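Residues 1 to 67 (UniProt numbering) make up the sequence shown, in order.
Just so it is clear, CB atoms sit at the ideal spot from N, CA and C, and this is done for glycine as well.
Quantities reported herein were computed from a predicted structural model and do not represent experimental measurements.
Notes for the one structure printed next.
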Amino acid sequence: MFARLAGVSMMTVSRVMNNSVSVRADTRDRVLQVLLAKGIRIPQDVARAAASAFIARSCSAIPPEEG
């Protein structure tokens, strides 16, 4: 069910839940959003890693200030 909603395989959902590094960031985000929307508790280390990756991607998208 979660895999279908996220548009991925069940193995990909398993990899996300186990914090595997073999999942692309955009795919991981999509799976985590589906799991959170359905009320599935995500292990703390997985959530922390996803938040860190999100912050890193967000910061890299901000252009540097010209001084």
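Rounding to the nearest angstrom, what Cα-Cα distance links residue i and residue j in this structure?
i, j, result
"Leu5", "Leu36", "12 Å"
"Asp29", "Gly7", "12 Å"
"Val13", "Phe2", "8 Å"
"Val34", "Arg41", "11 Å"
"Met11", "Asn18", "10 Å"
With DSSP as the reference, label residue i as helix, strand or coil.
i, result
"Val31", "helix"
"residue 68", "The chain is shown from 1 up to 67; residue 68 falls before or after that span and cannot be answered."
"Arg4", "helix"
Measure how close the beta-carbons of residue i and residue j come, nearest whole angstrom, since I'm counting them as under 8 Å.
i, j, result
"Val21", "Val31", "That belief does not hold up - the Cβ atoms of Val21 and Val31 are roughly 14 Å apart, past 8 Å."
Distance cutoff 8 Å, beta carbons only. Does residue i sit that close to anything in chain B?
i, result
"Ala37", "Note that chain B does not occur in the displayed structure, where there is just one protein chain."
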